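*Asks:*
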Amino acid sequence: MAGLLKVSKSQQVARINAASRIDCSKPVTFIFDGQAYIGFAGDTLASALLANDVHLVGRSFKYHRPRGILAAGSEEPNALIRLGKGAYAEPNLRATQIEIFEGLYAESQNRTPSLKFDIGAINSVLGRFFPAGFYYKTFMWPAAMWMSYEHVIRHVAGLGKAADDHNDPDRYEKTHAHCDILVAGGGAAGLMAALQAACGGARIILADEQNEFGGWLLGEANVIIDGYPAVSWIADVVRQLKALQNVTLLPRTTVFGYMDHNFLTLNERVTDHLEKRPAHLPRQRMWKVRAQQVILAQGAHERPLVFAGNDLPGVMLAGAVRTYVNRYGVCPGKRAIVISNNDDAYRTALDLHRVGTKVLITDLRAKPQGPLVRAARDAGIEILEGHAVISAYGTRRVARVEIAPIDDSATAITGEVMHRDCDLIAMSGGLSPAVHLHSQARGKLKWDDAKLCFSPSATHEPSFNIGACNGSFDLATGLKEAVRAGTKAASATGHNAISLTVPDVTITKQNWHPLAAWKIPNGHLAGRGPKAFVDFQNDVTASDVMLAAREGYQSVEHLKRYTTTGMGTDQGKTSNINALAILADALGNEIPNVGTTTFRMPYTPSNIGAIAGRDIGALFDPVRLTRMDNWHRSHGATFEHAGQWMRAWYYPKENETMHEAVSREVKAARTTAGILDASTLGKIDIRGRDASKFLNRLYTNAWSKLGIGKCRYGLMLKDDGMVMDDGVTTRIAENHFHMTTTTGGATSVLDWMEEWLQTEWTNLEVYLTSVTEQWSIATVSGPNAAKILEDAGIDIDLSPANFPFMSMKNGHIGGLPARIFRISFTGELSYEINIAARHGLALWTHLMKVGSAHGITPYGTEAMHVLRAEKGFIIVGQETDGSVTPHDLGMDWIISKSKPDFIGKRALARESMGNDNRKQLVGLLCSDPKTVIPEGAHAVFDAEQPLPMDILGQVTSSYFSPNFNRSIAMAMLKGGHGLMGKSIYFPMLDGTVLNAKVVEPLFYDPKGARIDG
Amino acid sequence: MLIIPCPHCGPRDEIEFACGGEAHIARPLVENKISDAEFANYLFIRDNTKGLFLERWHHSAGCRKWFNLARDTFTHEIIEVYPMGSLPKKASARTSYSSSWRRGTLAEKAAKTGKHSQTEGRK
Amino acid sequence: MAQNQPDRGQRGLPGGSPRYSALALAKKAMNYHQDWQRAWRDPEPKSEYDAIIIGGGGHGLATAYYLAAVHGINNIAVIEKGWIGGGNTGRNTTIIRSNYLWDESAAIYEHSMKLWEGMTQDLNFNVMFSQRGVLTIAHSEHELREMSRRVHAIRLNGIDSEILGSAEIKKFVPTINIDQSIRYPVMGGFLQKRGGTARHDAVAWGYARAADDLGVDIIQKCEVTGLRRQGRKIIGVETSRGFIKTKKVGCVVAGHSSVVAAMAGIHLPVASRPLQALVSEPIKPILNTVIMSNAVHMYISQSDKGEMVLGAGVDKYNSYAQRGSFSVPEHMLAAAVELFPVLSRLRMLRHWGGIVDTCPDASPIISKTDIEGLYFDCGWGTGGFKATPGSGHVFADLIANDRPNKIAAPYTLDRFSSGLLIDEHGAAGVAH
Amino acid sequence: MANSPKNKSMFFGQTALADKPTSKSINPNGGILGLIFREIEHLGKLNIRGDQSINAAVKVAIGCNFPSSENQFQSAGERHVIWLSPDEHLLLCEAGKEKILQDDLTRMIKTENFAITDVSDSLCALSLSGPAVRDVLAKGCSLDLHPSKFFSGACAQSLLSHAAVTLMALSNDKFILICRTSFAPYVHDWLVDASLEYGYQFAV
Ligand SMILES: Cc1cc2nc3c(=O)[nH]c(=O)nc-3n(C[C@H](O)[C@H](O)[C@H](O)COP(=O)(O)OP(=O)(O)OC[C@H]3O[C@@H](n4cnc5c(N)ncnc54)[C@H](O)[C@@H]3O)c2cc1C
Ligand SMILES: NC(=O)c1ccc[n+]([C@@H]2O[C@H](COP(=O)([O-])OP(=O)(O)OC[C@H]3O[C@@H](n4cnc5c(N)ncnc54)[C@H](O)[C@@H]3O)[C@@H](O)[C@H]2O)c1
Ligand SMILES: Cc1cc2nc3c(=O)[nH]c(=O)nc-3n(C[C@H](O)[C@H](O)[C@H](O)COP(=O)(O)O)c2cc1C
Ligand SMILES: [Zn+2]
C-alpha cells in the first residue's frame, strides 16, 4: 500500500520498549491527513499517532482551537476523525477507539485548509466576542439578513463531513437476544461478575466496548491478582468464560441503551476492525436484549482539571497517559508535568518515570501522603505540594506551564509563579463513575462528598452496580461486589448461588478522596486571561459557565442549553461534573442540589444504519400481492399502493396514455365485459348463534331478516357516528355470514369487531376468522358477463330468476369449486367469483381465454373508480375522511330507525349532526365537459373574493367519463344537499377558475336498469 | 419497552400488543336518554392518570385477546393483569377503580339500567 | 377569520432593560462580559396576582407576555414546576408551518406564523426563526390526492403552498432518495416556503425576558398542587411554595393538563403520550429544509449546530415518563435511511421523549371552563411548538376579555359534546 | 380446465411461493448450511374456534387432543393441533384432507358454539431446519427461542420482523413457520437475507 506516500521519517519515536498489549512483530501502515505512518497490530489510531509523536489531531467546534488526544477510551471529546473514503467515509469517530489495520485512511476534521493552518482559528482570537449565547443577542438587524447570517453560521458549525457518496455499501443487522444476566462492561469487575453468575448455569451475555476484555487493568502495570500479573488473571477468566456454553462474550460491543423492563440495546462492531470485511458478515449488529437481571460494570471516567490552556494538545488525562504507556507501549512525552488533586496520578508519574520521562508532580493538596506519594518520592520524582499548573502555553502542543502555590481550597494563588517547559501534561481531577446506564434506566444517584462523585443509589430495574461505576474505585472492593452481584443475580434467576472466592489483590494502597478543586485560579480577574475549558468539544469555558449563571441560566439544564456544555458527541463524559461544580460554586449552592442533567441513550453515539438494520430496501415493509399478480405484470399493468397491497391500476396497451387505457377499460365494462382482480378485499368469516344480532349492532341497517344466500350492503360507523368502512355481507347459512371490507380496512375492521365482542358484548356467541387470503376474486362485469361464465363452464343457472342480484351461490366453474356473488360496484350485470386462492391465477387465465370471444377486458382500480363514480357509489377514505356521517353522504336510507342501537346511533343524534352547514355529498358537472376538475380542488361561490376565501368544500372524486364523453365529479360541499342546480367556482393553483354545476351524485343508469344485463 | 404479561400467552414484548386506552368505560344505551355532554363523557373524555392507571390491551400479534392491565404511567411498572369484564384484585388498583370520577356518572348509569341491556361486558 | 396583522403589543423592552445587539455585545466584551444582567428575575411569589399562568413552557410564557404587552395586565405570574422551557418546548423538533387543512386550523396557525415573522425583533432576542421551508412528502397515489386537497384549501386560506414533483424535490433536496422502485417512493410533495424551524429554547427565554421586563414574575421550581375555588369561582392556586391569591388562572401545562384539570374536578378529552425524537452527531450542512413524511412517520431537519434532528410518531400508550418505546425510533430510523441513505453512516447522538397532550380530533383546546376564572390552553399534542406565539396571543385575549376571539372560538371544550370537531387526524397523519 | 395436463398447478393449484425461484443456496462458510427451508405445499389447515367442550370431537375426528397447555401443539402423525388462544386452535393436516375433516368435525361437535374455517389457502407453512434456525429467527422475533424455553412441542404466535407468524418447534433444529400467504414472499426474502451469514438453501 501507499506506494506513492512517503512513510513518516520520524517513525514511532515515542514507542517504548516495554511489555504491552500490542504486537510489535506486526507493523501496520495507515494514513492520517495524507501522511503515511506505521503502527502495530493492537494499536488504536490514537496510540499509533502518539507513537509517531503526532499530538495535534483535530480542531474544536467553535473556536477551531488545536486539539490533541485527551483520553484513551470512548469518553474522548477531542480526537474526532473522519475515517475512510468515498461511500465508506464516516465522520466524528474517536481516534481512541479506532483499531488500526493495514491501509486505514483517516483525516482530521473541522479545519480549512489544513489542520495546522486553519482559517477558522480566527474565531479563537475573536473568542472574546463570542461568549456563551452570543447569537441570541445579535444578528437581529436588519431582520431580513438573518437567513444570510444563518447560512454562514451553518457552514461554520457542524463537525465532520458525511460520506461523499451517500449510498452506504455496508450491511447492518440486528437481532433479539434473551439472557438471565447481562453484564455491561468487562473490566475486572464485569469479568468476575460474569464468571460468578455463569458458573451456576445462568445464560450470560458479557459485553465490552473495547477490543479486549480487562478494562482499566489492561493499562495498569503493577497489579497482582491471585499471585499473577493482572493481565494473566484476565486471560484466565476470559478463557474460562469462553469455555462455557451458557456465556456469550461480545467484545467491541457497546451497551448503548437501557430501557424499561430490562430491555437493553447493544451495538456490536463486527468487522469494523478488519482490513478485509467478509461480505456475508454485517459491519455492525444491534442486539436487542431482554435480561432478567443486569450487572453494570462500566468503570469510571477520569476528570480533567480546569486550568487555563488545559485544552492544548499534549494535555492528557493521567490515567490515559498510563494506559498509553502500559497497554500500547507509547510514551506520549519526554518532559511531563503531572497535576493532580488525588493519589491516582502518582501511578502515572511512576510509570512515566520508569520509562524514562522526566516528571514533575504538582499536587493541589497541601500535604499529600501515603504509599504512592512515598513511592514517588523514593523514586526521586520532584513533587510540588499545594501547587497547581495555573496556565499552559504552546501553539500546537503544550510547551510551557506556569506553576504557582495555591491555598488549601485551591481557589487563590498564594505565591510566586514559576515557569517550566514540558511536552506533556498528565492531569487528574478525580474519578466520575460511569453511571450512564444506571441513570438511563432511572436509577437514582447520590453525591459522595468524600470521593467527590455521583454514584448509584437505588436502582429502578432489576440490576446491580459494581466496581468503579459503583464508586468502588478500590479493586479488591470491586471484585468483592462482583462476586456478590454475580451470586445474587444468579439466584434471582433461579440458578446456583455458591459464591466463588474473591481473588486476592496486591496493589499499592491509595487514598480515594481527592481535593475539591473545580477551577484552578490563574491570577486574572474573572473572565479574563487565557481560556480554561470545561467542555472541550463544544468549547465551553469556566467563564462561560459563570456568565450563564450571572444571566440567570441557573438550572443545570438551562446552563447546558445556554452554553451547550455536555451536548457534544461525548455528552460531557469528562466535563459535566466540572461544569455543574463550577455552576454550584457560582450560585453558592451545593453540588447535589444543582444536580445532573438527564442521562439519555445512547451511551456513545450509535450507528443509525445498525438501528435500521435490514428493515430497509425490499424488507422495509412487506409488499402484498394477489395470486394473479404475475399475470397483471406480464400484461403491462401499472400498479397502485393500497396499504401494503399493490393493485393493478390500469393496463396500458403500447403507446396508450393512462386516460386512453382507463377509457377503454371503462367502456368495455359497460359494453362487453370487464374483469377486475378484487382479491384484496377484506373477507371475514362470521359464525355463531348470535351472528346476525352482532351484525345488527355493527352496521347501521338491519340484518336479522336477510335470507340465506342473500347479500346486503352495510355501512359501519365508529361510535362517534362517522363512517368507518363499508362492504357487502352475505348470509351463507342461518348462523354463518361472509363479510367483505375495503382493502385498506380489512385488518382494522376485524380488530374492531373482535374488540366489541370481547369487551362490550361478551355474551354474544360469534366467531370471526379472517379469510382475506383464502379467496381469490375475479369480478366479471358487463353485458356479456353471464355468457363468459357459461363458456367458462359454470354449473349454476345464471338466469336472474334463479340467481338474482344481491345473492350468492356455490357452484363450480371449470370444474373448480367457487362461491359466486351477484353484486355490482359498476352498475352492470356483475359476478364476483371467489375461488380458493391456489386456483386464483388459473381462474383468471381461464376467464381471459374463454372471455376473449366476448370482448373481456381486464380493468384496474382506476377504471373501477370511474365506473362506480358514474353510479354515485362512494369510496370510504375518498369521499369520507373520518368526519362524514351517512346523512352527509345522502345515505339516510341505510340507517335503520327501528333498531334500538347500533354503533354510532347515539352520536348521530348530537346537537350539531343535523346542521345544514355540514359538508354533504353532491355530484358536479364542470361547465367545460372536457375538463376534469382536479380531485382536491376547493369550491367557492365567489372566486373574486379576497383571501382567505369562504370555502364551500372539496372535490373528492373526479374523472373523465367515457360513457358520457364528459367529465363528472363528486364533492363534499357545505350544505351540499341544498345546492342542487347551483353554479360554483373552483380557483385553480395556476390562477385560472373552473365553473361547475351542482347535481345529484348519480350520473349513470339512475333506475338501475342494467343490473341484469 | 414493556414486557406485558398476556393472561393467555405469558409475558411478551410490547410490540405484539395494541393499547386500547382507559378501561371500565361503560357504553350508555341509546334508549337511556342522556345529554350530549354526558354522552361525551363516554365518547371522548378520558382518565389520564399520572400513576396507577387501568387500561385495556389487545394481544394483537398473539392470541388476539383483550384484557385489562393496571400500570403505572410514570414508572411503567405493571401491577396487575386481569380479564375483561372483571375488576382488579390488588388494593391499589381497586382504589383506582372506585375513586374514578366516572363511577356513578349518568353515562355509566345509562349503560347499566337498560331494559334490554346490550352491555353485557364492560369496555 | 382574521388574517390581518396581529396586534403585537408594546414592542421591545420598555422596562428599560439594556437591549441586546451586536454593539452591546462588543461593549460588554471590553469588560469581559462581567456586567450582563439577568435575562429574567428570580422573584419570590407575591401573595396575590391579577392572573396566574400555570406552566412556563413557550405557550405559558407567550400568554403572559401578551397579557402584559397587548392587554396591559402586568401584575401576573408564570408558575413553573421545574425550569422554564423544560417541557415540550425544550424537547420538540421545532417544525413551524401553517399549511393546515381545515379553515379553523389555518386561521390559528397562520396567525401564529405572522407573529413568528417578527418575533426576534419583538422580543429583542434572536430566536433564530429560519424560514427554510417545510416539505411534506407524498408516497402513494392516495397521498397525492390528499396533498392536492390540502394545497387547494391552504391556498384559498391565503397561505403559501406549492406542489413539487419528485424531480423538483430532488433539486430542492439533493440528499433525498427519489428512486421510484423503493417501497414508499417519493412521488411528490408540497412545500411551504415560509415554514421552517426556530431555536426552541430561545423562544422560552426570549418570551421570559420580555415578559419579565414588563413586570411579569417568572417563578420557577414552584409546582401548582391545587386550585382553590369558592363555589364555581377560582380564588387562587396552591403551590409548593404556598397559596397565591388570584381570580384568573390560565393552565398551559401540556402533558400535565389532565393532572391540573383534575385539581378542579374537570375532565379533559386528553391523553398524555410519549413522543420521541433524536439527534445525530453534528456534521457539515447536508439538508437545508425540513422534510416530513406522514406515511413512514418521520420528519427531519438539520439544526444550525449541524445535528440531524429526527422525530417519530407518537407512542401507543399513556405515559408521563418522558421516554417511549424503542421500537418507535427504530422503525422511524429505517424509514429515514430509506429516504436519506446518508443517515446510515451517521450516528445517533442523543434520544429523548416528551409527553404530548393529544386530543381525539388532534386539535387543541383553548377554552373557558365551567369554573369562573379558570381557562385551559392545551391539547396541542405533537404539533404545538409552531403555535406558541399564536396560542399565547389568543389565550391572553381570552383571559383578558373572558370570551374567545374569532380565532379561538372553534377550540372550546364543548365541541366534544356538540360534535363540532376539527378533525386534523386523517388530514395530518403526523401533525407537526 | 381442471384437467389441463399442461399445467400441474391447474389441479393442485398454486402455492404461495410459486413466484420464487425453485431453488437457491449460498454457503459462505463451507460446511453445514445454517438454514434449509421450503414451503410445505398445500398443507391442509383448519381454524378451529370453540372451548374445551369440543375436544372430544376433535380427538375422534383428528386423532389427537387439544394441547394440554397454552403455547404448545399436539401431534398425531403428520397432523398437528396448535394452540392459538383459549378458544382457538389451528389444525395442520394432510394436503386435501381439510374438507373431509371440516365436515367430520362439524358433524361430530354437539354444541352450537364453535366455528371451523378452512384456511388452507390463507396460511402458508414453511419447514425450517438447520443448526442456525433459532439464530436466524431471533433476528426478527422477540420470543426467547432458547431450546430450554422454546422446546420441541412449543408454539407461539408472534412477529417475525413485519410479518405475523406462528412458530412451532419440532426439535432442536427443526421448526414450522406459518404466516399469511400474502406475507409469504416477504417471509421468504427475509429468511434468505437473515441467514446469509450462516448459509442457506431454499428448495421447493
Ligand atoms: C419530541 C417532540 C417533537 C415535537 N415536534 C414538534 C414540531 O416539530 N413542531 C411543533 O409545532 N410541535 C412539536 N411538538 C409539540 C410541541 O413541543 C408542544 O406542543 C409545545 O411545545 C407545547 O408547549 P407548551 O408551552 O404548551 O408546553 P410545555 O413546554 O410542555 O410547557 C408546560 C409546562 O408546564 C409545566 N407544568 C406542568 N405541570 C405543572 C404544575 N402543576 N405546576 C407548574 N408547572 C407545571 C411543565 O413543567 C412545563 O414546563 C413536539 C413535541 C415533542 C415532545
Ligand atoms: N478509570 C477506572 O475505571 C479505574 C481507575 C482506577 C481504578 N479502577 C479499578 O478497576 C476496578 C475494576 O474496574 P471496573 O471493572 O469497575 O472498571 P473498568 O474500567 O476496568 O471496566 C469497565 C469496562 O466497561 C467497559 N464499558 C463501559 N461502558 C460500557 C458500555 N456502555 N458498553 C460496553 N462496555 C462498556 C469499558 O470499556 C471497560 O472495559 C475497580 O474496582 C477499580 O478498582 C478503575
Ligand atoms: C432541536 C433539538 C436539538 C438538540 N440538539 C442536541 C445536541 O446537539 N446535543 C445534545 O446533546 N442534545 C441535543 N438535544 C437534546 C437535548 O439534550 C435534550 O435531550 C432534550 O432537550 C430533552 O431533554 P432531556 O433529555 O433533558 O429530558 C436537542 C434537542 C432538540 C429539541
Ligand atoms: Zn396472548
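Residue numbers (numbering that gives the first Met the number 0), protein chains in the order written: chain X, 0 to 1012; chain Y, 0 to 122; chain B, 0 to 431; chain W, 0 to 203.
All residues carry an ideal CB built from backbone N, CA and C; glycine is no exception.
Note that the coordinates shown come from a computational prediction; the quantities given were computed from them, not determined experimentally.
For histidine 115(Y), would you say it is in contact with chain W, using Cβ-to-Cβ distances shorter than 8 Å as the test?
*Replies:* With a pLDDT of 44 at histidine 115(Y), under the threshold of 50, the modelled position of that residue is not reliable, and the figure given next carries that caveat. By this cut-off, histidine 115(Y) is not an interface position.
*Asks:* To the nearest angstrom, report how far apart alanine 862(X) and glutamate 145(B) are at their CA atoms.
*Replies:* 20 Å
*Asks:* Who are the near neighbours of arginine 364(X) in its chain, counting only those whose CB is closer than 6 Å to its CB and skipping five residues on each side?
*Replies:* Leu514
*Asks:* Rounded to the nearest angstrom, what separates arginine 121(Y) and glycine 159(X) at their Cα positions?
*Replies:* Annotation note: pLDDT 43 at arginine 121(Y) (below 50); position unreliable, coordinate value reported separately. Looking at the two C-alpha atoms, the distance is approximately 58 Å.
*Asks:* Name the residue from Leu277(B), Lys367(B) and Gly383(B) whose alpha carbon lies nearest to the alpha carbon of isoleucine 607(X).
*Replies:* Measuring from the Cα of isoleucine 607(X), the nearest candidate turns out to be Leu277(B).
*Asks:* Since asparagine 112(W) and glycine 687(X) are thought to touch, with beta carbons under 8 Å apart, how far apart are those beta carbons, to the nearest angstrom?
*Replies:* Approximately 7 Å separates the beta-carbon atoms of asparagine 112(W) and glycine 687(X); this is inside 8 Å, confirming the contact.
*Asks:* Less than 7 Å between C-beta atoms, sequence neighbours within five positions excluded: which residues of the same chain meet that for alanine 1(X)?
*Replies:* Only weak support exists for where alanine 1(X) lies, its pLDDT of 38 falling under 50; the value from the coordinates is given anyway. Only Thr28, Ile30 and Ala35 meet the Cβ criterion.
*Asks:* Could you check whether the Cβ of valine 259(B) sits closer than 7 Å to any heavy atom belonging to ligand 2?
*Replies:* no
*Asks:* Starting from isoleucine 610(X), trace the beta strand (DSSP E) in both directions and tell me its first and last residue.
*Replies:* Segment 607 to 611 is the alpha helix (DSSP H) holding isoleucine 610(X); no beta strand (DSSP E) there.
*Asks:* If glycine 429(X) sits next to cysteine 452(X), beta carbons under 8 Å apart, how far is it from one beta carbon to the other, in whole angstroms?
*Replies:* 7 Å between Cβ atoms; contact.
*Asks:* For leucine 373(B), which three-state DSSP category applies?
*Replies:* Leucine 373(B): strand per DSSP, three-state reduction.
*Asks:* Are the beta-carbon atoms belonging to lysine 246(B) and glycine 89(B) less than 8 Å from one another?
*Replies:* no
*Asks:* If you follow the beta strand (DSSP E) that tyrosine 958(X) is part of, which residue opens it and which one closes it?
*Replies:* 952 to 960
*Asks:* Please decide whether asparagine 54(W) counts as near chain Y, where near means a Cβ-Cβ distance under 8 Å.
*Replies:* no
*Asks:* Do you know how far the Cα of tryptophan 648(X) is from the Cα of arginine 626(X)?
*Replies:* 16 Å
*Asks:* Decide if proline 352(X) is buried, meaning its Cβ has at least 16 other Cβ atoms within 10 Å, or exposed.
*Replies:* In the sequence as displayed, the identity of residue 352(X) is histidine instead of proline. Its Cβ being crowded by 16 or more others within 10 Å, histidine 352(X) is buried.
*Asks:* Around the C-beta of asparagine 575(X), are 16 or more other C-beta atoms found within 10 angstroms, so that it is buried, or is it exposed?
*Replies:* buried
*Asks:* What does arginine 0(Y) touch in chain B if you count any residue whose Cβ is under 8 Å from its own?
*Replies:* The sequence given here has methionine at residue 0(Y), not arginine. Result: Ser324, Phe325 and Ser326.
*Asks:* How long is the line joining the alpha carbons of glutamate 460(X) and leucine 444(X), rounded to whole angstroms?
*Replies:* 14 Å
*Asks:* Within this structure, are the beta carbons of serine 107(X) and glycine 72(X) separated by less than 8 Å?
*Replies:* no
*Asks:* Taking C-alpha atoms, which residue in Phe463(X), Gly522(X) and Tyr858(X) lies nearest to isoleucine 405(X)?
*Replies:* Gly522(X)
*Asks:* Counting only beta-carbon separations shorter than 8 Å, does valine 320(X) have a partner in chain W?
*Replies:* Taking Cβ atoms only, chain W never reaches closer than 8 Å to valine 320(X), which makes this a no.
*Asks:* For the beta strand (DSSP E) that asparagine 173(X) lies in, which residues bound it at each end?
*Replies:* Correcting the residue identity first, residue 173(X) is lysine in this sequence and not asparagine. Segment 171 to 183, the beta strand (DSSP E) holding lysine 173(X).
*Asks:* Beta-carbon of leucine 761(X) versus every beta-carbon of chain Y: anything under 8 Å?
*Replies:* Here residue 761(X) is threonine; the residue named in the question, leucine, does not match the sequence. By this cut-off, threonine 761(X) is an interface position.
*Asks:* Run through DSSP, which three-state label would cysteine 710(X) get?
*Replies:* Three-state DSSP puts cysteine 710(X) in a strand.
*Asks:* Whole-angstrom Cβ separation of arginine 45(Y) and proline 268(B), contact assumed at under 8 Å?
*Replies:* 6 Å
*Asks:* Could you tell me which of Ala361(B), Val336(B) and Pro273(B) sits nearest to alanine 320(B), measuring between CA atoms?
*Replies:* Among Ala361(B), Val336(B) and Pro273(B), the Cα nearest to that of alanine 320(B) belongs to Pro273(B).
*Asks:* What are the start and end residues of the beta strand (DSSP E) that includes serine 292(B)?
*Replies:* 289 to 292
*Asks:* Within 7 Å: the Cβ of histidine 58(Y) and any heavy atom of ligand 4?
*Replies:* yes
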